[in-house]
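K.L.:
Residues in the sequence shown are numbered consecutively from 340, following my numbering.
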Amino acid sequence: MTEKGMAEDVDVVPVTEDGIPTVVNGQELTDLQIQALREARIRRDNEAAGTRPAEVGGADRTTDPTRYGDWEKAGRAIDFS
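1) For the candidate residues E378, D384 and P353, whose alpha-carbon lies nearest to that of N364?
2) Could you check whether D357 and R383 sit closer than 8 Å to each other, using their CB atoms as the reference points?
3) Rounded to whole angstroms, how far is the Cβ of L371 from the Cβ of T361, which I believe are closer than 8 Å?
4) From which residue to which residue does the alpha helix (DSSP H) around A379 run?
Next comes the structure, spelled out in structure tokens:
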């Protein structure tokens, strides 16, 4: 089969202006589903860029939490701060 013949076999999937497909597995997506895909794309892009917001009031991540046995005591997880 030639390249031209292969191109004719491929269906063109309609997409939004920002490249999100509006039809998946033969079903048209609702506006809510498209918005969820947009938000997921933004989250993935932010994670890949390393731009996660800093945790407010979270644990100190610079020390090893297992150093003093803080992870468990008598089989119970304790002291995650």
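We put the beta carbon where it would ideally sit given N, CA and C, even for glycine. These numbers were taken from a predicted model, which means no experiment stands behind them.
P.N.:
So, from the data block:
1) P353
2) no
3) L371 to T361, Cβ: 13 Å. No contact.
4) D370 to A388
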